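Residue numbers (the working numbering): 10 to 178.
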């Protein structure tokens with residue numbers, strides 16, 4: 010038993026990650042790629058009378074993160090890379106790159122506005138590319154440092170002995 014209720018009519022993108030159970034995803038919900046939802050989240054609908062052309066549930070854009078206990082209700086849109094704080098109740102659109110918290114949810118930061126760009130979010134325990142492997146990261150750092158040192162050495166040699174300059178590839 011997972012206590013995860015996903016209506017068969019919901020549309021879900023790639024790399025969707027639910028961290029723990031008690032999640033409800035309604036019939037007309039649309040979830041983009043690389044979305045993370047934590048436990049006890051509802052992507053709930055409004056009355057069919059309040060829906061927009063039959064859409065009653067939220068649209069969650071690529072890279073969004075929804076914190077534990079949040080309720081995202083109605084035919085609204087969470088923009089790309091938006092973040093919803095734990096226990097927030099969201100009933101209005103959230104622009105891309107915006108973090109919202111509270112009841113009702115209000116913006117606290119906006120990417121490119123009053124906050125620096127947020128780093129790419131990778132949920133713990135998920136398969137990652139090799140670049141997220143600590144050993145691979147260290148090797149890449151060392152490779153970059155070696156390349157920088159070679160360029161500096163070439164520049165020094167060129168200044169001292171232009172005829173001895175070595176071509177390094």
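Idealized CB from N, CA, C, for every residue including glycine. None of the values given here were measured: they were computed from a predicted structure.
For residue i, name the three-state secondary structure that DSSP assigns.
{"i": "residue 163", "result": "helix"}
{"i": "residue 37", "result": "coil"}
{"i": "residue 115", "result": "strand"}
{"i": "residue 152", "result": "helix"}
{"i": "residue 146", "result": "helix"}
{"i": "residue 157", "result": "helix"}
Using 8 Å for Cβ pairs, my map puts residue i next to residue j. What's the rounded Cβ distance?
{"i": "residue 34", "j": "residue 16", "result": "6 Å"}
{"i": "residue 100", "j": "residue 82", "result": "5 Å"}
{"i": "residue 89", "j": "residue 70", "result": "4 Å"}
{"i": "residue 92", "j": "residue 74", "result": "5 Å"}
{"i": "residue 42", "j": "residue 22", "result": "4 Å"}
{"i": "residue 54", "j": "residue 39", "result": "Incorrect: roughly 12 Å between the Cβ atoms, too far for contact."}
{"i": "residue 117", "j": "residue 80", "result": "Between residue 80 and residue 117 the Cβ distance is about 18 Å, and since that is not below 8 Å, they are no contact."}
{"i": "residue 44", "j": "residue 13", "result": "14 Å between Cβ atoms; not a contact."}
{"i": "residue 72", "j": "residue 48", "result": "Wrong, their Cβ atoms sit about 20 Å apart, outside the cutoff."}
List the endpoints of the continuous beta strand (DSSP E) containing residue i.
{"i": "residue 33", "result": "32-34"}
{"i": "residue 13", "result": "13-15"}
{"i": "residue 110", "result": "107-110"}
{"i": "residue 71", "result": "Looking at the DSSP string, residue 71 is not in any beta strand (DSSP E), and its letter there is neither H nor E."}
{"i": "residue 27", "result": "26-28"}
{"i": "residue 46", "result": "45-47"}
{"i": "residue 51", "result": "51-53"}
{"i": "residue 80", "result": "80-82"}
Less than 7 Å separating the Cβ of residue i from some heavy atom of the ligand FAD?
{"i": "residue 146", "result": "With respect to the ligand FAD, the structure offers nothing, as it holds no ligand at all."}
State whether the segment 54-68 contacts the segment 108-119, with contact taken as three or more CB pairs (one from each stretch) at a distance under 8 Å.
no
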